[in-house]
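Structure first, commentary second.
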Amino acid sequence: MLTNKKAVIFDLDGTLVDSMWIWKEIDIRFLGTYGLTVPEGLNDLLEGFSFHETAKYFKEHFPLPLSIEEIMNTWNRMAAEMYENEIPLKDGAREFIELLKEKDMPLGIATSNSRELAKVCLRANGILDAFDYICTSNEVPKGKPEPDVYLHAARKLGVDPEEILVFEDIPYGLMAGKRANMKTCAVRDPYSERAMEEKLQLADYYIESYYDILNGTYQKLS
-7 MLTNKKAVIF DLDGTLVDSM WIWKEIDIRF LGTYGLTVPE GLNDLLEGFS
43 FHETAKYFKE HFPLPLSIEE IMNTWNRMAA EMYENEIPLK DGAREFIELL
93 KEKDMPLGIA TSNSRELAKV CLRANGILDA FDYICTSNEV PKGKPEPDVY
143 LHAARKLGVD PEEILVFEDI PYGLMAGKRA NMKTCAVRDP YSERAMEEKL
193 QLADYYIESY YDILNGTYQK LS
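Here the sequence shown stands for residues -7 to 214, where the numbers follow our numbering.
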């Protein structure tokens, strides 16, 4: 999997850490504050949206007495505590990152989340210093499934896209990696289980956990 690769870029939520559940919980608590409920299918609708795009959607579709900036600030406050105290790394992720650092590979994050929350999460898990660059969808013209975030991260890492391996948990993320002309590895996550067939069609590799890579038991798909 790492043959001829000079850098690795990870998505964050659902890929590197078990965190997908918190956004649904935050939506429930946030909208509940204003006597509103979460419409069915909202999470699917917003899949791949950047943090700002999501806040803009909430502002346009719910009667909220907040600006887009205030919505994002509120979410950040709610999420920061959860990311700091309740979000663990995926199984084997720490050991895999240690292996990559032993190989002196540049590592990046390409996330639709905010840089602040990404840093809180990585710092709480003791791996913030392992990453050379954290790229957010807010830095680029278009979020996933467009390749912008991965191409920008590649430029910051100083590595050609063809020499990068991407880890992602959802189809939109895998599409973004493929469109950036990078090899992709799909990561198992309960919240994208329903999209497993699509994930396997899009990715070059598949893992149940990062131990699959360490043990040489990952699936090569193409």
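Even glycine gets a Cβ: it sits at the ideal position worked out from N, Cα and C.
Three-way DSSP call (helix, strand, coil) for residue i in this model
i, result
"I162", "coil"
"F50", "helix"
"A195", "coil"
"L216", "Only positions -7 to 214 of the chain appear in the structure, and residue 216 is not among them; the question remains open."
"I79", "coil"
"V141", "helix"
"T29", "coil"
"A172", "coil"
"L34", "helix"
"D204", "helix"
Straight-line Cα distance separating residue j from residue i
i, j, result
"G100", "E138", "17 Å"
"L81", "L213", "25 Å"
"F43", "I63", "10 Å"
"S184", "D124", "28 Å"
"C127", "R147", "11 Å"
"I199", "P57", "43 Å"
"N117", "K111", "10 Å"
"L(-6)", "Y164", "23 Å"
"E160", "G27", "35 Å"
"E45", "T66", "15 Å"
"G40", "D96", "30 Å"
"P98", "Q193", "27 Å"
Sheet register partners of residue i (DSSP bridge)
i, result
"T7", "Answer is none; T7 lacks a bridge partner."
"G100", "I1, Y125"
"A71", "None, per the DSSP bridge assignment."
"V179", "I199"
"L157", "V0, K175"
"K212", "Y197"
Reference residue i; option with closest CA among the options
i, options, result
"Y203", "H144, A72, D5, E87", "E87"
"L8", "R69, N105, D36, E45", "N105"
"A195", "T209, K(-2), L166", "L166"
"D181", "E154, D83, K134", "D83"
"D3", "L114, I205, V151, E17", "L114"
"T176", "K191, A187, R186", "K191"
"K136", "K16, I162, T25, E189", "I162"
"A72", "S59, L92, E108, I60", "E108"
Beta-carbon separation (whole angstroms), residue i vs residue j, contact threshold 8 Å
i, j, result
"A145", "A85", "No, A145 and A85 are not in contact; Cβ-Cβ is about 18 Å, not under 8 Å."
"M174", "L157", "7 Å"
"I18", "M70", "5 Å"
"Y122", "I79", "The sequence shown places Ala at residue 122, rather than the Tyr named in the question. That belief does not hold up - the Cβ atoms of A122 and I79 are roughly 16 Å apart, past 8 Å."
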